[in-house]
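Here the structure comes first, spelled out in structure tokens, and everything after it is commentary.
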Amino acid sequence: MLYSFIIRRANADDAPAVFSILRKAFIEYSEITGQKDLEALKETVEDIKKEIESKAVYIAVIDDEIVGTVRLDIHGDQAYLSRFAVDSNNRNIGIGKSLMSVVDKHLKEQGVKKVILHTSSKHSALMRFYYGRGFYAEAIETDRGYLRARMVKEY
26 MLYSFIIRRA NADDAPAVFS ILRKAFIEYS EITGQKDLEA LKETVEDIKK
76 EIESKAVYIA VIDDEIVGTV RLDIHGDQAY LSRFAVDSNN RNIGIGKSLM
126 SVVDKHLKEQ GVKKVILHTS SKHSALMRFY YGRGFYAEAI ETDRGYLRAR
176 MVKEY
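Counting in our numbering, the sequence shown runs from 26 upward without gaps.
What follows is the structure, given as structure tokens:
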């Protein structure tokens with residue numbers, strides 16, 4: 026089966042769909058990690074609208090349906106990547122890899138030298154995914170009450 030999707034910057038009208046994808050993905054993340062008190066699950070549609078207006082938020086779209094998202098917060102030559110999610114019905118067809126390729130292109134264009142993200146060190150699928158995209162584990166942190174890998178990619 027052939028899949029065709031586009032990746033573009035999100036706009037405020039996309040916030041409800043981004044909210045739905047993030048909610049579904051982070052409920053799954055919560056179940057895998059055992060963490061119930063995740064910041065991502067506290068966000069509202071209004072919060073996401075504000076993030077879209079103030080940060081670089083990309084979405085993947087298939088047939089006018091948003092199926093993936095990622096958020097970037099850039100400060101000088103460093104960036105923080107968060108809220109990366111692909112709808113569970115659309116995984117393993119290249120959407121996540123493509124979102125990360127767009128992230129790489131955008132960050133390089135902005136002069137970013139290093140991007141950082143956090144993920145549960147016990148979420149083996151995500152750890153493998155990030156390693157495969159050129160990230161390495163710089164540290165394991167416990168500030169949120171569970172083991173989170175601080176993943177770094179340098180350009």
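Ideal placement from N, C-alpha and C gives every residue a C-beta, glycine not left out.
Check	Outcome
Endpoints, the alpha helix (DSSP H) within which Asp129 is located	120-134
Three-state secondary structure (DSSP) of Ala40	helix
Close Cβ partners of Met125 (< 6 Å) along its chain, the five nearest in sequence each way excluded	Arg158
8 Å Cβ cutoff met for Phe160 and Lys178	yes
For Val95 and Leu132, the rounded distance between their alpha carbons	13 Å
According to DSSP, residues forming a beta bridge with Asp98	Tyr105
Cut-off 6 Å between Cβ atoms - residues of its own chain near Glu166, not counting five sequence neighbours on either side	Arg173, Arg175
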